[in-house]
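Everything on this sheet refers to the single structure shown next.
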Amino acid sequence: MRPRLFCSLALPALMFGLTARSALAEEPQDKAKEEAALLKKAEAFVEAFHKGDAKALAAFWAVDGDYTDQTGRQFKGREAIEGAFKGFFSENKGLKLRINIASLRFVTPDVAIEDGTTSVIPPDGAPPSRARYTIVHVKKDGQWLLNCVRDAAFSPPTHYEHLRELEWAIGAWAEETDQGEVARVSFEWSKNRNFIISSITTTFKDISIGDATQWIGWDPVAKHLRSWTFEINGGFGEGTWAR
């Protein structure tokens, strides 16, 4: 069983930085108290996960709760979830959890919905396994429980939609002046298409007279395209783009 299949099973820890609100949501009268209760559960859950205690982890779910992994496999009920944990921990030791909350909202005083991303970090320094998740917390008999957890494949954030108007430039270009200078420019996407990377070389009679690298990306704060240019002689510059 691969670590990524359970990288959202420590989701109750996602109670830090709670800011999401819904105009239609009915929040509990003492929201801070409920958040504190969820946080206490989260701390206990993470501790049990690090100990590899499958039985204790399964007890965080409601009796009829369920978990669905990224492949669509569903584990319904505490017994099935405990068995899945046992198999998981028998093959994976010493994992650490990293969790990033995207939103949390109370639908009713007894139901909270949470979305975010989570990582399972191997002890050998290998890259973490990441996933997106949605979790539904329910309060029964005064206790918060996991009613259902849904995993989905993690998709790194991308600014491609803001850069796609420049996609036509991807490739290699060259121009020669009347004086014999030749400028060669190439454009390529960075990983995840968050930037377009340009390499610029200028030659005269096959002798390099200037090289530079330029990164073009979307500035989410200023809401416009921005570029950073680095020259081989140590110079650098910054610019903004507009139609």
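The sequence shown begins at 387 in the working numbering and counts up one residue at a time. In this text, a Cβ means the ideal position worked out from N, Cα and C, and glycines have one as well. None of the values given here were measured: they were computed from a predicted structure.
Taking C-beta atoms as the reference points, Leu531 and Gly469 fail to come closer than 8 Å. The region 520 to 528 makes no contact with the region 434 to 442, as fewer than three CB pairs between them are under 8 Å.
Beta-bridge analysis with DSSP links Tyr546 to no other residue. Looking only at Ala466, Arg459, Leu490, Pro509, the smallest Cα-Cα distance to Glu477 is reached by Pro509. Non-local C-beta neighbours of Ala444 in its own chain, meaning closer than 7 Å and more than five positions away in sequence, comprise Arg464, Ile467, Glu468, Phe471, ordered along the chain. Excluding residues up to 5 positions away in sequence, Phe431, Leu532 lie with their Cβ nearer than 6 Å to the Cβ of Phe446 in the same chain. Ser576 is positioned such that its CB atom lies no closer than 8 Å to that of Gln600.
Under DSSP, the beta-bridge partners assigned to Glu561 are Ala569.
The region 452 to 460 makes no contact with the region 490 to 497: fewer than 3 CB pairs, one atom from each, lie closer than 8 Å. Taking Arg518 as the centre and dropping the five residues before and after it, the same chain places the C-beta of Thr503, Ala538, Phe540 closer than 6 Å to its C-beta, in chain order. Residue Asp501 holds the alpha-carbon nearest to the alpha-carbon of Ser489 among Gly480, Asp501, Phe435.
Look at the region 466 to 533 and you find these whole runs of beta strand (DSSP E), each 3 residues long or longer: 482 to 494, 497 to 507, 515 to 526. Secondary structure at Val432: helix, using DSSP grouped into helix, strand and coil. Around the C-beta of Phe622, fewer than 16 other C-beta atoms lie within 10 Å, and the residue is accordingly described as exposed. Secondary structure of Glu413 (DSSP, three-state): coil.
One alpha carbon belongs to Gly557, the other to Cys534, and they sit about 47 Å apart.
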